[in-house]
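Asker: Residue 1333 in this note's numbering sits at position 114 of the sequence shown, with consecutive numbering throughout. Submitted below is the structure of interest, expressed as structure tokens.
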Amino acid sequence: MIRTLLRAPAGAAEVVADVLRLLGVVSIVVAGVGWGPLSAVSFASAVVVMLVPRLLGLRPSFDIAFGAVILASTWSSVLGVYLTTRWWDLPMHFFTNGLCAALLYIALVRLGVVADAATLPRPTLSAAVVTTALGLSLGALWEFFEWFGHTFIDGEIYVGYVDSLGDLLWGGLGSLLAGCSMRFLTGRSRTPTDRLSSPSLG
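Structure (structure tokens):
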């Protein structure tokens, strides 16, 4: 996996994904200078998470979507968009929670922690069930994090019963969609050597 992380990008799509990670690194500095150290820490965490699709060698399209959503979600938090545009929170939970759940599922499969749904009698249903469960668990953990941040770090972080239920619902729906799409999402990024040895995969 380390070799996959450190290799040069193969193709324009992987370059785009790496550019998004570079924008994340630049955002650490910009957010730190403009909005303070807490914002810089948020982007540093985001950049670490954005490395995982490359580490796992996932499809560049997934890598790009994941990176773009993570950056959009983090900047929305730093700029206070969630406070000024309340509905924006819901699509962000849908996409962020869904893609994070898919990424966690793939990582757990690669680590041998959970069974690969492709080896089970009903692969699509199995992947959907496990990914949705992971997504709801991640959503619950995020709500705990928001409560902790509101209580001990920044009282401006918005929390509330209705808000939490909405976040969990939309995050769960995003995770369900990701689970149903797992056959596509679990594809690996191929190096030039892979492409030469497997021309039929185009």
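Just so it is clear, CB atoms sit at the ideal spot from N, CA and C, and this is done for glycine as well.
(1) If you pair each beta-carbon of the stretch 1382-1394 with each one of the stretch 1256-1267, do three or more pairs fall below 8 Å?
(2) With DSSP collapsed to three states, give me the class of Leu-1270.
(3) Looking at Cys-1319: is its Cβ nearer than 9 Å to the Cβ of Gly-1368?
(4) Classify Ile-1325 as buried or exposed, calling it buried when 16 or more other Cβ atoms lie within 10 Å of its own Cβ.
(5) Is it buried or exposed for Phe-1285, if we count other Cβ within 10 angstroms and need 16 for buried?
(6) Which of the three DSSP states, helix, strand or coil, is assigned to Leu-1239?
(7) Please report the straight-line C-alpha distance between Ser-1394 and Ser-1356, rounded to a whole angstrom.
(8) Per DSSP, what kind of secondary structure is Leu-1318 in: helix, strand or coil?
(9) Could you check whether Phe-1403 and Arg-1278 sit closer than 9 Å to each other, using their CB atoms as the reference points?
(10) Tell me where the alpha helix (DSSP H) around Ile-1283 begins and ends.
(11) Counting along the chain, where does the alpha helix (DSSP H) carrying Pro-1342 start and finish?
(12) Rounded to a whole number of angstroms, what is the C-alpha to C-alpha distance between Phe-1371 and Phe-1313?
(13) Roughly how many angstroms separate the alpha carbons of Leu-1323 and Trp-1294, rounded to a whole number?
(14) Relative to the C-alpha of Leu-1270, which candidate in Trp-1361, Glu-1362 and Asp-1237 has its C-alpha closest?
(15) Using CA coordinates, which residue listed in Ala-1250, Val-1348, Ser-1261 and Asp-1382 is at the minimum distance from Asp-1193?
(16) Please report the Cβ distance between Thr-1350 and Gly-1398, rounded to the nearest whole angstrom; I am assuming they are in contact, meaning their Cβ atoms lie under 8 Å.
(17) Straight-line CA distance for Tyr-1301 to Val-1245?
(18) Looking at Trp-1361: is its Cβ nearer than 9 Å to the Cβ of Asp-1386?
(19) Check whether chain B comes within 9 Å of Arg-1273, counting only Cβ atoms and requiring the distance to be less than that.
(20) Leaving out the 5 sequence neighbours to the left and right, which residues in its chain are closer than 7 Å to Val-1234 when beta-carbon positions are compared?
Answerer: Result, derived from the coordinates:
(1) In short, these stretches do not touch, since the Cβ pair count stays below three.
(2) By 1-based counting over the sequence shown, the position of residue 1270 is 51. In the structure shown, Leu-1270 sits in coil (DSSP, three-state: anything other than H, G, I, E or B).
(3) Locating residue 1319 in the sequence shown gives position 100, where the first residue counts as 1. Locating residue 1368 in the sequence shown gives position 149, where the first residue counts as 1. Their beta carbons are not under 9 Å apart, which means Cys-1319 does not touch Gly-1368 by this criterion.
(4) To locate residue 1325, count along the sequence shown from 1; it is residue 106. Per the 10 Å Cβ criterion, buried.
(5) Position 66 of the sequence shown, counted from the start, is the residue given in the question as residue 1285. Phe-1285 comes out buried.
(6) For the purposes of this step, residue 1239 is taken as residue 20 along the sequence shown, with counting starting at 1. Look at Leu-1239 here: in three-state DSSP terms it is helix.
(7) Sequence index remark: in the sequence shown, residue 1394 carries index 175 (1-based). Sequence index remark: in the sequence shown, residue 1356 carries index 137 (1-based). Straight-line Cα distance between these residues: approximately 10 Å.
(8) Position 99 of the sequence shown, counted from the first residue, corresponds to residue 1318. In this structure, Leu-1318 counts as helix in the three-state DSSP scheme.
(9) Reading the sequence shown from its first residue, position 59 is the one you call residue 1278. Reading the sequence shown from its first residue, position 184 is the one you call residue 1403. Taking 9 Å as the Cβ cut-off, Arg-1278 and Phe-1403 qualify as a contacting pair.
(10) Residue 1283 sits at position 64 when you count from the first residue of the sequence shown. Here the alpha helix (DSSP H) through Ile-1283 covers 1279-1297.
(11) As a position in the sequence shown, residue 1342 is number 123, starting the count at 1. Segment 1342-1367, the alpha helix (DSSP H) holding Pro-1342.
(12) The residue given as residue 1371 occupies position 152 in the sequence shown. The residue given as residue 1313 occupies position 94 in the sequence shown. Cα to Cα, the separation comes out at about 26 Å.
(13) Residue 1323 sits at position 104 when you count from the first residue of the sequence shown. Residue 1294 sits at position 75 when you count from the first residue of the sequence shown. In this model, Leu-1323 and Trp-1294 are separated by some 22 Å (Cα to Cα).
(14) Translated into the one-based positions of the sequence shown, residue 1270 becomes position 51. The shortest Cα separation from Leu-1270 among Trp-1361, Glu-1362 and Asp-1237 belongs to Asp-1237.
(15) Within the shown structure, residues of the chain are numbered from 1220 to 1421, placing residue 1193 beyond reach of any answer.
(16) Sequence index remark: in the sequence shown, residue 1350 carries index 131 (1-based). Sequence index remark: in the sequence shown, residue 1398 carries index 179 (1-based). Sure, about 3 Å apart at Cβ, within 8 Å.
(17) Looking up residue 1301 in the sequence shown gives position 82. Looking up residue 1245 in the sequence shown gives position 26. Those two C-alpha atoms are separated by around 22 Å.
(18) Residue 1361 sits at position 142 when you count from the first residue of the sequence shown. Residue 1386 sits at position 167 when you count from the first residue of the sequence shown. In this structure, Asp-1386 lies closer than 9 Å to Trp-1361 by Cβ.
(19) Among the chains in the structure shown there is no chain B, since it carries only a single protein chain.
(20) The residue you call residue 1234 lines up with position 15 of the sequence shown. Beyond the five residues adjoining it in sequence on each side, Val-1234 comes within less than 7 Å, by CB distance, of Pro-1228 in the same chain, given in chain order.
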